[in-house]
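Start counting the sequence shown at 22; every next residue gets the next number (our numbering).
Beta carbons are placed, not taken as given, at the ideal position from N, Cα and C, and that holds for glycine.
Remarks on the structure that follows.
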Amino acid sequence: IHDVILRDFLARHGLEKKAHVENFPWTDLVGQAMEDGIIDAAVGTPSLQASLELVSGINVKPLVPPDRLWPDNPSYGIIATERFMEEEPDALLEFLKIHESLTGLIKSRPEVAATATARLVGMAPPEFFEYSYKISPRYCASLPDRYIASTMQFVETLRVLGYIRREVAHEEIFDKSFIDLIHQEPDHYDDPKGYISGDYPWFSG
């Protein structure tokens, strides 16, 4: 997704011939490339910025705010097969409830969420995850219309740039029937505290 967003941004500003886009298979290669002077800037997830600053020791300065690159871009999503939705609807609903509760935990108690994540992942200390959360604290499971519209704009860009060959209808991508059952209130993407409900073991500590 970052490759598409960056190429679209460069094209819209007439810079596609003035900048070379290099893709890397692993995040740690980006830090080394910056240290070696191979690249001058990078586009990636919050964990990339955290890795560059905390692991590689590179003083990273954001050049373009995310909302200027692609507002409400579909960087992440919850996907499920039709078979799973048909055969395990209760399990899917429970997952969505837990997901929404834990996104609220990330916002309201990032230190607790970071400690739990570090314990589960085991590849970085809690400070790494807590810093990543603070870089981009926009978490929620809701599917507001603006996110769907942004995704459909992204689909059209994929077609124009040659990544896909045909138009794709939003019905082929989205099914709001489950999330609408457990998330009837407004979305919490811009809510600094998020939303926590239920009693789950991840909340301990």
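ask   = Nearest CA to the CA of T102: which residue from S96, L31, L113, D93?
value = For the purposes of this step, residue 102 is taken as the residue at position 81 of the sequence shown. When only C-alpha atoms are compared, the closest one is L113.
ask   = Tell me which same chain residues have a C-beta within less than 8 Å of the C-beta of L84, skipping the five on either side of it?
value = Working through the sequence shown from its first residue, we reach residue 84 at position 63. The residues are A62.
request  = Can you tell me which of D57, L90, Q70 puts its alpha carbon nearest to the alpha carbon of V25?
outcome  = Position 4 of the sequence shown holds residue 25. Residue L90 is the option with its Cα nearest to V25.
ask   = The alpha helix (DSSP H) spanning S171 covers which residue range?
value = Here residue 171 is taken as the residue at index 150 of the sequence shown, counted from 1. Start and end: 166-181.
inquiry  = Taking 6 Å as the limit between beta carbons, can you name the residues of its chain near D93, skipping five residues before and five after?
reply    = Here residue 93 refers to the residue found at position 72 of the sequence shown. So the qualifying residues of the chain are R167, Y168, S171.
key: Cut-off 6 Å between Cβ atoms - residues of its own chain near S153, not counting five sequence neighbours on either side   = Here residue 153 corresponds to residue number 132 of the sequence shown, with the count starting at 1. Excluding sequence neighbours, S153 sits near P67, S68, A71.
ask   = Out of curiosity, what's the CA-to-CA distance linking R180 and S129?
value = Stepping through the sequence shown from its first residue, residue 180 is reached at position 159. Stepping through the sequence shown from its first residue, residue 129 is reached at position 108. The alpha-carbon atoms of R180 and S129 are separated by roughly 39 Å.
query = Between which two residues does the alpha helix (DSSP H) containing V133 stretch?
reply = As a working mapping, residue 133 is identified with position 112 in the sequence shown. First-last of the alpha helix (DSSP H) with V133: 131-142.
ask   = Can you list, in chain order, the residues of its chain whose CB lies under 7 Å from that of H34, leaving out five sequence neighbours each side?
value = The residue you call residue 34 lines up with position 13 of the sequence shown. Nothing meets the Cβ criterion.
Cβ-based neighbour list, R140, same chain, cut-off 8 Å, excluding 5 preceding and 5 following = Along the sequence shown, read from residue 1 onward, the residue named residue 140 stands at position 119. Excluding residues within five positions, none has a Cβ falling inside 8 Å.
task = Determine the closest residue to Y160 out of E109, E121, L31, with distance taken between C-alpha atoms.
result = Against the sequence shown, residue 160 aligns to sequence position 139. Comparing Cα-Cα distances from Y160 to each of E109, E121, L31, the minimum goes to E121.
ask   = Between A162 and I99, which are expected to be in contact by the criterion C-beta below 8 Å, what is the C-beta distance as a whole number of angstroms?
value = Your numbering for residue 162 matches position 141 in the sequence shown. Your numbering for residue 99 matches position 78 in the sequence shown. A162 to I99, Cβ: 7 Å. Contact.
key: Extent of the continuous alpha helix (DSSP H) run through V51   = Counted from its first residue, the sequence shown places residue 51 at position 30. First-last of the alpha helix (DSSP H) with V51: 48-56.
Length-filtered (4 minimum) alpha helix (DSSP H) runs lying within the region 58-145 = 67-71, 87-90, 103-108, 110-129, 131-142
request  = Could you pull out every residue in the same chain whose Cβ sits closer than 7 Å to the Cβ of H204, ignoring the five residues on either side in sequence?
outcome  = Looking up residue 204 in the sequence shown gives position 183. Taken in chain order, the residues that qualify are E121, A162, S163.
request  = Could you check what DSSP says for V189 in three-state terms: helix, strand or coil?
outcome  = Position 168 of the sequence shown, counted from the start, is the residue given in the question as residue 189. Looking at V189 - three-state DSSP - the assignment turns out to be coil, as it is neither helix nor strand.
ask   = Do M55 and L27 have their C-beta atoms closer together than 9 Å?
value = Translated into the one-based positions of the sequence shown, residue 55 becomes position 34. Translated into the one-based positions of the sequence shown, residue 27 becomes position 6. In this structure, L27 does not lie closer than 9 Å to M55 by Cβ.
ask   = By the 10 Å Cβ neighbour count, where 16 or more other Cβ atoms means buried, how is D211 classified, buried or exposed?
value = Counted from its first residue, the sequence shown places residue 211 at position 190. Exposed is the call here.
request  = Kindly list the residues whose CB is nearer than 7 Å to the CB of T124, restricted to its own chain and excluding five residues on each side of it in sequence; keep chain order.
outcome  = On the sequence shown, residue 124 is found 103 positions in, with the first residue counted as 1. The answer, listed in chain order, is Y160, C161, A162, G215.
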